[in-house]
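Enquirer: Numbering (this note's numbering), first residue to last: 151 to 265.
C-beta atoms are modelled at their ideal positions from N, C-alpha and C, and glycine is treated no differently.
For clarity, every value in this text was computed on a predicted model and none was experimentally measured.
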Amino acid sequence: MSNLYNDCKDMLTASILVYGFAKLRQLAREGKLTEVDTQRVMSLPLSAEEVGNVVIENRASLQRSKQKRDEAEWILSVLDRAPNHDEETGSPSKLMVFADNFKDSDLVYGISVNQ
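Here it is, written out as structure tokens:
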């Protein structure tokens with residue numbers, strides 16, 4: 151059974167993971183990820199579970215990035231508290247659009263749809 155607390159907690163975790171996902175896409179554009187990880191990060195649509203998994207699996211890349219240390223630690227601390235992404239979440243949501251090309255000077259947003 152779903153409850154408001156769990157729904158909000160999951161949405162907040164997903165909102166914070168978007169920062170890590172945007173950073174990974176930046177690293178992919180700069181050629182700092184493997185070809186496989188670059189393909190995974192840059193290809194859409196992605197399920198909510200896939201977004202979480204790709205961020206978690208690339209934790210070391212986030213740690214090595216030249217991101218502000220506090221920001222990187224904040225994202226990584228959220229990963230430590232994130233739900234177990236090894237289990238199927240059953241979320242039908244798919245990330246269809248992720249606009250982050252100008253993340254340093256403009257709005258970053260994603261559009262997800264339930265399927």
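1) Who are A249's beta bridge partners in DSSP?
2) Are A110 and D250 closer than 8 angstroms when you measure CB to CB?
3) Leaving out five residues before and five after E238 in sequence, what residues of the same chain have Cβ atoms less than 8 angstroms from its Cβ?
4) Given a cut-off of 8 angstroms on the beta-carbon distance, is the pair L245 and L167 in contact?
5) Hey, out of R209, N208, L194, whose CA is closest to V247's CA?
6) Please list, in chain order, all residues of the same chain as S255 whose beta carbon is under 6 angstroms from its beta carbon, the five residues on each side excluded.
7) For D236, is the classification buried or exposed, using 16 other Cβ atoms within 10 angstroms of its Cβ as the cut-off for buried?
8) For L183, which of helix, strand or coil comes out of DSSP?
9) Taking the straight line between their C-alpha atoms, what separation do you get for G170 and Y259?
10) For T184 and S211, I'd like the C-alpha separation in whole angstroms.
Expert: The structure says:
1) In the sequence shown, counting from the first residue as 1, residue 249 sits at position 99. A249 is bridged by DSSP to Y259.
2) The shown model of the chain, from 151 to 265, leaves out residue 110, and the question about it has no answer.
3) Start at 1 with the first residue of the sequence shown, and residue 238 comes out as number 88. Note that E238 scores 47 on pLDDT, short of 50, meaning its location in the model is unreliable; the coordinates nonetheless yield the value given after this. Excluding sequence neighbours, E238 sits near E199.
4) Numbered from 1 along the sequence shown, position 95 holds the residue referred to as residue 245. Numbered from 1 along the sequence shown, position 17 holds the residue referred to as residue 167. No.
5) Residue mapping note: residue 247 aligns to position 97 of the sequence shown, counting from 1. Nearest option by C-alpha distance: L194.
6) Residue mapping note: residue 255 aligns to position 105 of the sequence shown, counting from 1. The answer is none, since no qualifying residue turns up.
7) Here residue 236 is taken as the residue at index 86 of the sequence shown, counted from 1. With a pLDDT of only 43 at D236, under 50, the local geometry of the prediction cannot be trusted, and the value read off the model is given with reservation. D236 is exposed by the Cβ-count criterion.
8) Start at 1 with the first residue of the sequence shown, and residue 183 comes out as number 33. Reduced to three states, the DSSP call for L183 is coil.
9) To locate residue 170, count along the sequence shown from 1; it is residue 20. To locate residue 259, count along the sequence shown from 1; it is residue 109. So the alpha carbons of these two residues sit roughly 13 angstroms apart.
10) Position 34 of the sequence shown, counted from the first residue, corresponds to residue 184. Position 61 of the sequence shown, counted from the first residue, corresponds to residue 211. Straight through space, the alpha carbons of S211 and T184 are spaced by roughly 10 angstroms.
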